[in-house]
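**Q** To start, I am sharing the structure in question, which I have written as structure tokens.
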Amino acid sequence: SKTQRRSADLMLSDWKASMLLVLPLMAVGPKLRTWLALMGAAIAALVVPPMTLGPEVDSMVIGCYIVIDVLAGWVVMRHPAGWVQKFIGAAFALMVSFHIGFLIADHPAATLDYLHWLAWVGWVQWAALAGWGAYDAGKGIVNRYRRGGNSPLAGAGV
Numbered sequence: 171s172k173t174q175r176r177s178a179d180l181m182l183s184d185w186k187a188s189m190l191l192v193l194p195l196m197a198v199g200p201k202l203r204t205w206l207a208l209m210g211a212a213i214a215a216l217v218v219p220p221m222t223l224g225p226e227v228d229s230m231v232i233g234c235y236i237v238i239d240v241l242a243g244w245v246v247m248r249h250p251a252g253w254v255q256k257f258i259g260a261a262f263a264l265m266v267s268f269h270i271g272f273l274i275a276d277h278p279a280a281t282l283d284y285l286h287w288l289a290w291v292g293w294v295q296w297a298a299l300a301g302w303g304a305y306d307a308g309k310g311i312v313n314r315y316r317r318g319g320n321s322p323l324a325g326a327g328v
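Have a look at this one:
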């Protein structure tokens, strides 16, 4: 039905679909761990009840978002393989600061701005991860071409 389709559309946002598209570039190791942290945070956020738009900031929901982003950031930063992974982990810290700032401000009228900036940071994280994967894939293709097709794929230390 139309209602079921709309629910499915909301669950598979453009960002989540884009994450699925870059999955083949993630191979194994740090990139895959970072991909899993980003996608896991997005899926975990689906479990949190939606924020209510009312006269007060929904601090319980924001608290859940803080926990999700702290855990995802920790997974990314546990053993960073290079500057891109550190950047993505720092973006999680930025998101946590947005959550805390929104709680401190206690200004429900800013909810749409808050959500906009969170989405923007999520897309920046996606772009960094996609660029990292594309760079390593391109490096691997060049290495294989130069060495007659026998070299392993390039490393993840961007």
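Numbering (the working numbering), first residue to last: 171 to 328. All C-beta atoms in this analysis are idealised placements derived from N, C-alpha and C, irrespective of residue type, glycine included. Note that the coordinates shown come from a computational prediction; the quantities given were computed from them, not determined experimentally.
1. So, for Ala214: in the same chain, excluding its five sequence neighbours on each side, which residues have a beta-carbon less than 7 Å away from its beta-carbon?
2. Taking DSSP as the reference, what is the three-state secondary structure of Pro225?
3. Taking the alpha helix (DSSP H) that Arg316 belongs to, which residues open and close that run?
4. Around the Cβ of Lys256, are there at least 16 other Cβ atoms within 10 angstroms (buried) or fewer (exposed)?
5. Measuring alpha carbon to alpha carbon, tell me which residue in Trp302, Tyr235, Pro219 is nearest Tyr284.
6. At what residues does the alpha helix (DSSP H) containing Gly199 begin and finish?
7. So for Ser267, helix, strand or coil by DSSP?
8. At the level of alpha carbons, what is the spacing between Val246 and Arg203?
9. Can you have a look at Met196 and say buried or exposed, based on whether 16 or more other CB atoms are within 10 angstroms of its CB?
10. With DSSP as the reference, label Ala251 as helix, strand or coil.
11. Under the three-state reduction of DSSP, which class applies to Pro278: helix, strand or coil?
12. Under a three-way DSSP split, which group does Ser188 fall into?
13. Can you have a look at Val192 and say buried or exposed, based on whether 16 or more other CB atoms are within 10 angstroms of its CB?
**A** Reading it off the structure:
1. Along the sequence shown, one-based indexing puts residue 214 at 44. Counting only Cβ-Cβ distances below 7 Å, and skipping sequence neighbours, we find Ile238.
2. On the sequence shown, position 55 is the one that residue 225 refers to. Pro225 falls in the coil class under three-state DSSP.
3. As a position in the sequence shown, residue 316 is number 146, starting the count at 1. Unbroken alpha helix (DSSP H) run through Arg316: 281-316.
4. Translated into the one-based positions of the sequence shown, residue 256 becomes position 86. That one is exposed.
5. Here residue 284 refers to the residue found at position 114 of the sequence shown. Nearest option by C-alpha distance: Tyr235.
6. Position 29 of the sequence shown, counted from the start, is the residue given in the question as residue 199. Element bounds for Gly199: n/a, residue is neither H nor E.
7. For this step, residue 267 is matched to residue 97 along the sequence shown. In this structure, Ser267 counts as helix in the three-state DSSP scheme.
8. The residue given as residue 246 occupies position 76 in the sequence shown. The residue given as residue 203 occupies position 33 in the sequence shown. Their Cα atoms are separated by approximately 7 Å.
9. Mapped onto the sequence shown, residue 196 falls at position 26. By the neighbour-count rule (16 or more Cβ atoms within 10 Å), Met196 is buried.
10. As a first step, residue 251 must be located in the sequence shown, where it is residue number 81. Three-state result, Ala251: coil.
11. Here residue 278 is taken as the residue at index 108 of the sequence shown, counted from 1. Pro278: helix per DSSP, three-state reduction.
12. Residue mapping note: residue 188 aligns to position 18 of the sequence shown, counting from 1. Note: Ser188 maps to helix in three-state DSSP.
13. Taking the sequence shown and counting its residues from 1, the one referred to as residue 192 is at position 22. Answer is buried; the Cβ neighbour count reaches 16.
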